Amino acid sequence: MGQSLSQMYIHLTFGTKGRYPFIKDHWKTELHRYMAAILKNNDSPALLINSVEDHVHMLFRLSKNYALAKVVEVLKKDSSSWLKTIDRANHQFSWQIGYGAFSVSSSKVDAVKHYIENQEEHHKRLTYQEEVELFLKEYDVMDYQVEYYWR
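Position 127 of the sequence shown, counting from 1, maps to 127 under our numbering, and the rest follow consecutively.
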């Protein structure tokens, strides 16, 4: 009998539509738990999830059984629906259409965790857009189109 092996770590980030500051401190821990459960249900366990008011970062191990795009689609759809139920102020909530997903070497997992843990500190110095554009340079992403990504 054959066996398929896979160990792909993904650093995923996406924002709220229009960078509106929807993510509130008093329920963001619940959001992180809910997102972790969605990832687990898709055989893609979360290692760490953190957010600031207008975007989220997560590090997870991507399932060998699901495509990244499908995992992200389910994650965004289900978490968006959940957010609308926990706070009436979120009735118009949605995530941006795009996302950034970057592969992480096993040797860099701890560094990425540290980076995600310190989101509040990073954003005292740079905006989310500046942060994503640094990732794009670091990962040598060529097809970035500002007018489409930030919808």
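Ideal Cβ positions, reconstructed from N, Cα and C, are used throughout, including at glycine. Values in this document were obtained by computation on a predicted structure and should not be read as measured data.
DSSP state of residue i mapped onto helix, strand, coil
i: residue 29; result: helix
i: residue 148; result: helix
i: residue 43; result: coil
i: residue 38; result: helix
i: residue 135; result: helix
i: residue 90; result: helix
Extent of the continuous beta strand (DSSP E) to which residue i belongs
i: residue 55; result: 55 to 62
i: residue 97; result: Premise fails: residue 97 is in no beta strand (DSSP E) and is neither H nor E.
i: residue 47; result: 46 to 52
Alpha helix (DSSP H) segment containing residue i, residue limits
i: residue 114; result: 109 to 117
i: residue 126; result: Segment: none, residue 126 is in no alpha helix (DSSP H) and carries neither H nor E.
i: residue 76; result: 68 to 86
Alpha carbon of residue i to alpha carbon of residue j, nearest angstrom
i: residue 27; j: residue 98; result: 24 Å
i: residue 8; j: residue 63; result: 8 Å
i: residue 24; j: residue 53; result: 6 Å
i: residue 37; j: residue 144; result: 30 Å
i: residue 21; j: residue 140; result: 29 Å
i: residue 84; j: residue 77; result: 11 Å
i: residue 4; j: residue 122; result: 38 Å
Residues bridged to residue i (per DSSP)
i: residue 10; result: 60 and 103
i: residue 16; result: 95
For residue j and residue i, believed in contact at Cβ under 8 Å, the rounded distance
i: residue 95; j: residue 17; result: 6 Å
i: residue 57; j: residue 50; result: 6 Å
i: residue 39; j: residue 60; result: 5 Å
i: residue 113; j: residue 68; result: Contact flag wrong, Cβ pair sits at about 19 Å.
i: residue 101; j: residue 10; result: 5 Å
i: residue 71; j: residue 44; result: 5 Å
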